[in-house]
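Structure first, then comments.
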Amino acid sequence: MTDRHEVTVVRRGRTPAQDDGLSGLLAAYHLRTEAEKGEAVDDVDGLPDRYRAEISDPGTAFADDVVLVSLIGEVPVGCLVLTAATDGRSEIKRLWTDPGFRGRGVASALMGAALAHASEAGVSGVRLSVWKWRTEAIALYERLGFTATASWDERRELVCMRRPV
């Protein structure tokens, strides 16, 4: 069994050397999210255009953002996007851990790296939104100092959270 100390987080460059697994991780994230919302699709082609664009060309979709990929050994097992700061604040998006690697510290490592980057970049606060049924993710965010706040998003069942950096 792999333990949490073997999780490595790398900052993804704009042009990956070969396939770093990000597209596959994003596809899994979006397919699972759509299914959880009751809008399951059979494959990536059934996803909304904006999600397909992220999957097919993450370098363009997240050109101004910091994209992190976690590895166990050389296997990509998780990802996270930290958006470029606006008014001194960034947003965490697309946090995903491959279900086969959950419980090994992947999400915690990604969040730690994102918060460290935000601090180094002089960001004053970070926000995120999470579906209310993702209770394990909410518990992680609360352990990391995030608190629920008034929603900035009109979608029902979305929990919005913030924390200072």
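Numbering-wise, my numbering comes out as the position in the sequence shown, counting from 1, plus 2. Yeah, the Cβ is synthetic: ideal placement off N, Cα and C, and Gly gets one too. Nothing here was measured: the structure is a model prediction, and the numbers come from that model.
Q.
Out of 27, 22, 108, which one is the CA nearest neighbour of residue 8?
A. Looking at 27, 22, 108, the one whose alpha-carbon comes closest to that of residue 8 is 108.
Q) Going by C-alpha distance, which of 139, 158, 153, 86 is nearest residue 125? A) Among 139, 158, 153, 86, the Cα nearest to that of residue 125 is on 86.
(Q) My output table needs one value for residue 48: the three-state DSSP class, helix, strand or coil. (A) Of the three classes helix, strand and coil, the one that applies to residue 48 here is helix, per DSSP.
Q: Give a yes or no on contact between the stretch 153–160 and the stretch 110–127, applying the rule of three or more CB pairs nearer than 8 Å.
A: No, they do not touch.
Q. What number of angstroms, rounded off, separates the C-alpha of residue 148 from the C-alpha of residue 69?
A. When only Cα atoms are considered, residue 148 and residue 69 end up about 20 Å apart.
**Q.** Which of helix, strand or coil DSSP assigns to residue 149
**A.** In this structure, residue 149 counts as strand in the three-state DSSP scheme.
**Q.** Collapsed DSSP secondary structure at residue 54 in the structure displayed
**A.** Here residue 54 carries a helix assignment [DSSP, helix/strand/coil].
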